[in-house]
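With mature numbering (1 follows the signal peptide of the UniProt record, and there is no 0) applied, the sequence shown corresponds to residues -22 to -1, 1 to 464, in that order.
What follows is one structure encoded as structure tokens, with my remarks underneath.
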Amino acid sequence: MRYLQKFLSAFILFSLFTKAEAQKYTPKTIDSLIVRTFQLADRNEALKISSKTYKLSDEIGYYPGKAKSLKADINSYLGLGEQGKALITAEKLYDLANGENDDYHIVQALLARAQAYAYLGFFEKAMKMNLEAEETCKKIKDNDDQNSSLGQVYAGRAEINNLQYESPQNTLKYDLQSLEYYKKVKNRKKRNGWLAIQYSSLGYTYIDLDDYKPAIYYSRKAYQLAKQENDSINQAFGLYGLGNAYLAMNNSDSSIHYYKQALPIFEKANDIYRLQYIYDDLASLYEKLGDDRIYSYYTKKSRELSDIIRKKERIETDSAYTTIIEQEKKSWYQNFYIFIGCILFLAILFFFFTLKYFKSYREEKEQKENIEDDLIEKEEELSHLELKINDAFAELLELAKNNDSSFLSRFKEVYPYFYNKLVTNYPELTTGQLQFCALLKLNFTTKEIAQYSNISVRSVETRKNRLRKKLEIPSEVDLNKWMMDL
């Protein structure tokens, strides 16, 4: 009995201590901790904080803290390139916000899913999520939340276009729309945070347009605004934009200067994608300057990260693909069961009215024949669809001409030997470069690639030269023929 009393006393003391510990954190304290996670360069540290704020919010019954913590988790996962975890957390945020009729966080969950799908190459699903987010924005009552969400919608749409190598002019259109919405946000701190991000994006877009003066202007504005708000990660994005712009302008010294300022921040953030770009560019710059030692150092770093990224992308894509397939199966079965339920319900009604009104055997037989005719018609439609699917090569050419996002996945099915050999022999190739190789394999000319990808002939030639260098193909060898012979 004494042991039981001791146990109960200890349990009560522990409960009181835990409750007292949770009460140290007010909603205001929790909110300030969450805000801090978005400004930290170290995404893993940010995850620790947002995980803690979620738990504390749950203990004191503070819903906004839980929703904001999940949003912070998603931001960190996307920064770390962990798209699968971002998708899972976005689904959790969506369910939580939906239960509270919180349209703002529903939009945030949809936008996060759109971004993750885009990074994984599922562009059709990404655009679907983006459009759904835009429609839901109309329900948000707070003006600042609505304007910042619409800014995110158009910024996300610009990113989806950019990842598909669509015309930079289209990307610029969405970037500028995004900027206008962010400028409408009245809260200064929130406005500056969003503007810093968008100024960086505009800088990158102007680089793609070979318009370097505004590229430098917006990248510098992004850096200055982020510095003003003590936002280290967005300072890094601004510095990266400056380094990239000066690289495109062949100003090696300035490019190296800004890249090296951005590098430690991205290293702390463990942003492997941005780091790989910087290492690769620094290697090219030092090769041009004739410094073989530093060139070798950055080349090695770039290749190491390229291997990590390739493995990570494969795992993340496979995981996301499996999740999508499961979701589609679940949706299909749900619709199937609804369909069967409707059929059964109609059959019961039919039987009931048959008994009630003594409908003739002929009428019943006619109705059955109509149902059988419908089934035969559906079977014929399915057979017709199967015949169309078999015409793979023609479909592949059409997908390429339309710059369709599903082109590469369909190409893998049609040319598995070529694709696997290319990936095995040259594992450092990115998804974009693999798609470019696929177009060359199909013997598209430079002019055709430019036309169907909505980019300039010059850009296509630049990509060809980079690809030739990466694959170590001599200049006298025809790149199309090389791909066809592989």
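No residue lacks a Cβ here, since even glycine has one placed at the ideal position from N, Cα and C.
Since the model is a prediction, treat every value here as computed from it, not as a measurement.
>> So for Gln86, helix, strand or coil by DSSP?
In response: helix
Worksheet item: Just checking my contact of Ser233 with Leu263 at CB under 8 Å: how many whole Å lie between their CB atoms?
Response: 6 Å
task = Reducing DSSP to helix, strand and coil, say where Pro405 ends up.
result = coil
**Request:** Would you decide whether Ser383 is buried or exposed? Buried here means 16 or more other CB atoms lie within 10 Å of its CB.
**Result:** buried
Rounded separation between Ala200 and Glu376 - CA only:
41 Å
Other residues of its chain near Met(-22): CB distance less than 6 Å, five sequence neighbours each side excluded: Confidence in Met(-22) is poor, its pLDDT being 43 and thus under 50, which makes the residue's placement unreliable; the coordinate value appears in the next sentence. Taken in chain order, the list of residues that qualify is empty.
- Are the Cβ atoms of Leu445 and Phe414 separated by less than 8 Å? yes
Test item: CB-CB of Thr183 and Leu141 under 8 Å = no
(Q) Given this structure, state the Cα-to-Cα distance separating residue 473 from Tyr273, to the nearest angstrom. (A) For residue 473 there is no data in the structure shown, the boundaries of the chain being -22 and 464.
- prompt: What distance in whole Å lies between the Cβ atoms of Ala378 and Tyr430, which are believed to be in contact at a cut-off of 8 Å?
  reply: 6 Å
#### Entry: Alpha-carbon spacing of Asp258 relative to Tyr224, whole angstroms
15 Å
Does at least one heavy atom of the ligand FMN sit under 7 Å from the Cβ of Lys447?
With respect to the ligand FMN, the structure shown offers nothing to examine, as it has no ligands at all.
In whole angstroms, give me the CA-to-CA distance for Lys103 and Tyr41. 29 Å
Item checked: Collapsed DSSP secondary structure at Leu360 in the structure displayed -> Unreliable positioning characterises Leu360 in this predicted model, as indicated by a pLDDT of 49, which lies under 50. A coordinate reading is not provided.
Pull up the distance between the alpha-carbon of Asn432 and that of Ser178, whole angstroms please. 23 Å
Note to self: Am I right that Tyr237 and Ile256 are in contact with their C-beta atoms under 8 Å? What's the rounded C-beta distance?
What the structure shows: 5 Å
query: Ends of the alpha helix (DSSP H) at Val163?
result: Run containing Val163: none; DSSP gives neither H nor E here.
Quick check: the stretch 403 to 418 against the stretch 435 to 450, are at least 3 beta-carbon pairs closer than 8 Å?
yes
Coarse secondary structure for Asp80, derived from DSSP in three states = coil
Am I right that Ala64 and Tyr55 are in contact with their C-beta atoms under 8 Å? What's the rounded C-beta distance?
4 Å
ask   = When burial is assigned at 16 or more other CB atoms within 10 Å of the CB, is Glu67 buried or exposed?
value = Looking at the sequence itself, residue 67 is Thr, so the reference to Glu does not match. By the neighbour-count rule (16 or more Cβ atoms within 10 Å), Thr67 is buried.
**Asked** DSSP state of Lys199, grouped into three classes?
**Response** helix
Taking the alpha carbon of His83 as the reference point, which residue from Ser47, Tyr97, Lys106 has its own alpha carbon closest?
Ser47
Beta-carbon proximity of Lys44 to Asp81, cut-off 8 Å
no
Checklist line | Cβ pair Asn208, Gln17 closer than 8 Å | finding: yes
TODO: State the CB to CB distance for the pair Ala226 and Gly57, rounded to an integer number of angstroms; the pair is presumed to be in contact (CB under 8 Å).
DONE: Contact doesn't hold; Cβ gap of about 25 Å is too wide.
For Leu180, collect the residues of the same chain with a Cβ closer than 6 Å to its Cβ; drop the 5 residues on either side in sequence, then sort them by chain order. Asp153, Tyr196
* If you drop the 5 nearest sequence neighbours on each side, which residues of the same chain put their C-beta closer than 7 Å to that of Thr114? -> Asp81, Ile84, Val85, Leu88
Legend entry - Residue range of the alpha helix (DSSP H) that includes Gly43: 41 to 57
Reference Tyr393; option with closest CA among Leu464, Tyr143, Tyr160, Tyr132:
Leu464
Just the C-alpha distance for Leu25 and Asn139, rounded to the nearest angstrom, thanks. 29 Å
Going by Cα to Cα distance, which pick from Tyr159, Gln411, Leu418 is closest to residue 486? It is not possible to answer for residue 486, since the shown part of the chain is limited to -22 through 464.
TODO: Out of Leu386, Gln239, Lys279, Asp122, point me to the one whose CA is closest to Asn166's CA.
DONE: One detail in the question is off: residue 166 reads as Arg in this sequence, not Asn. Comparing Cα positions, the closest option is Asp122.
>> Are the CB atoms of Leu412 and Leu400 within a distance shorter than 8 Å?
In response: yes
- prompt: What runs of the alpha helix (DSSP H), each 4 residues or longer, lie entirely inside the stretch 94 to 155?
  reply: 101 to 115, 121 to 141
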